[in-house]
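**Q** Mind having a look at this structure? Questions to follow.
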Amino acid sequence: MALDKIKKSSEFRKVYVSGKSVSNRYLVLYYLKNGQPNSRVGFSISKKVGKAVVRNRIRRLLTEITRLSWHKISEGWDIIIIVRPRFVEKLCYTSLEKAFINLIKKSGLSKEEVGNK
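47 is the number that numbering that gives the first Met the number 0 gives to position 48 of the sequence shown; each next residue is one higher, with no gaps.
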């Protein structure tokens with residue numbers, strides 16, 4: 000299944016203003032119910048994180064992590080992932096993956112968490 004992405008700045012703004020957020024030392028995750036049968040994801044990686052090569056590498060890693068974990072996420076949500084700039088030099092695939100999974104569980108978007116409630 001392909002990832003549906005949030006691309007318009009108005010959609011990002013709506014999630015920022017109306018949504019909830021959870022965070023850890025590497026990432027911040029905003030989420031908002033979208034009223035659609037599928038979930039969408041957007042990435043926000045500031046220029047403070049690094050030059051284009053670094054930002055694109057992190058975006059590619061996050062896209063892959065999200066794609067592989069998409070089946071664990073409940074349907075009907077808009078999700079925005081923001082990378083915190085100060086920890087970029089420590090980011091590798093496994094630490095980014097752990098941070099992402101941690102936020103999905105923390106926010107209650109995980110299908111396992113929904114089943115337990």
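Every residue gets a Cβ at the ideal spot worked out from N, C-alpha and C, and that includes glycine.
Helix, strand or coil: which one does DSSP assign to Tyr-25?
**A** The answer is coil: DSSP assigns Tyr-25 none of H, G, I, E or B.
**Q** Let me check one thing: in DSSP terms, what residues is Gly-41 bridge-paired to?
**A** Per DSSP, Ile-79.
**Q** Quick check on Ile-100: does DSSP put it in helix, strand or coil?
**A** It is helical.
**Q** For a test of the three-state rule: what should DSSP assign to Ile-5, helix, strand or coil?
**A** In the structure shown, Ile-5 sits in coil (DSSP, three-state: anything other than H, G, I, E or B).
**Q** Give me the Cβ distance between Lys-105 and Val-14, rounded to the nearest whole Å; I'm assuming they're in contact under 8 Å.
**A** Not confirmed; about 17 Å, so no contact.
**Q** Could you tell me whether the Cβ atoms of Gly-34 and Lys-4 are closer together than 8 Å?
**A** No, these two residues do not count as a Cβ contact at 8 Å.
**Q** When you compare only the Cα positions, how much space is there between Asn-115 and Lys-71?
**A** Residue placement at Asn-115 cannot be trusted, given a pLDDT of 46 that sits under 50; the coordinates are not used to answer.
**Q** For Ser-17, collect the residues of the same chain with a Cβ closer than 8 Å to its Cβ; drop the 5 residues on either side in sequence, then sort them by chain order.
**A** Closer than 8 Å at Cβ, skipping near neighbours: Leu-31.
**Q** Am I right that Leu-26 and Val-82 are in contact with their C-beta atoms under 8 Å? What's the rounded C-beta distance?
**A** Confirmed, Cβ separation roughly 6 Å.
**Q** Suppose the cutoff is 8 Å on Cβ atoms and the five residues either side in sequence are ignored; what does the same chain contact list for Ser-43 look like?
**A** So the list reads Phe-11, Ile-79, Ile-80, Ile-81, Val-82, once near-sequence residues are dropped.
**Q** With H, G and I counted as helix, E and B as strand and the rest as coil, what does DSSP make of Ser-106?
**A** Helix, per DSSP.
**Q** Measure the C-alpha to C-alpha separation of Leu-90 and Leu-102 and round it to an integer number of angstroms.
**A** Answer to the nearest angstrom: the Cα atoms are 16 Å apart.
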